[in-house]
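Worksheet: the structure to be examined is printed underneath.
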Amino acid sequence: MSQRPEKVTGGCLCGSIRFDVAFPEEAPWPPNSCSCQCGICRKFSGSLISHDLILMPQQLSDITKAPTYKEYQSSEGGYRSFCSNCGSGLTWKLSFIPDMVIVFLGTIDEEFLMGNKIGDSEEQTEVGLTIKRDGGLCKELTSMNYGHIFWNNRIPGVTDQESLAGPKFPGSFPME
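Residues in the sequence shown are numbered from 1 upward in steps of one, following full-length UniProt numbering.
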């Protein structure tokens, strides 16, 4: 397992919204993450499966002051943020769980997900250009230790890999 970083960075596609995610000692490491197959996440992310980082709000720097920050009420008590310039989905939160904010993992900067590019390591292969990288926290950031929510919406033969690690919930997280 990689060492806990102080923070990772991320942002939207056009770069007008940038953020830091802090990992203080009191925050879990690896961080909590999940995948979601609900219809709202599919529409909002444009993907069949949304991969999400589950944080305490104080771990995420304030993105609401960015001029292109917009928020949309996507369901009763559910709010999703995005960049009004490029359309990148950034976060979602639930008003009835105020100590949680979700960051879409695809918004985390490449060097943290995949590692830094190693010098002149580009190589043309039969599948295209490959790049060797060093480091990266993808395994830690995508542990799916909170499981897979809205598993009942899985698409047979496409998003239903039973081998995926972590618990599977037919709907949202169980509220205990």
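Ideal placement from N, C-alpha and C gives every residue a C-beta, glycine not left out. Nothing here was measured: the structure is a model prediction, and the numbers come from that model.
Check                                                                                                        : Outcome
Selection from Val158, Trp29, Ser81, Asp99 that minimises the alpha carbon distance to Ile49                 : Val158
Alpha-carbon spacing of Phe82 relative to Arg4, whole angstroms                                              : 28 Å
Anticipated Cβ contact below 8 Å, Gly135 with Asn152, distance rounded                                       : Between Asn152 and Gly135 the Cβ distance is about 37 Å, and since that is not below 8 Å, they are no contact.
Identity of the residue in Met144, Pro24, Phe150, Asp109 nearest Ser163 by Cα                                : Met144
Leu129, buried or exposed, once every other Cβ within 10 Å from all chains shown has been counted against 16 : exposed
contact_flag[the stretch 116-125, the stretch 43-60] where n(CB pairs < 8 Å) is 3 or more                    : no
Opposing strand residues paired with Leu53 [DSSP bridges]                                                    : Ser33, Val103
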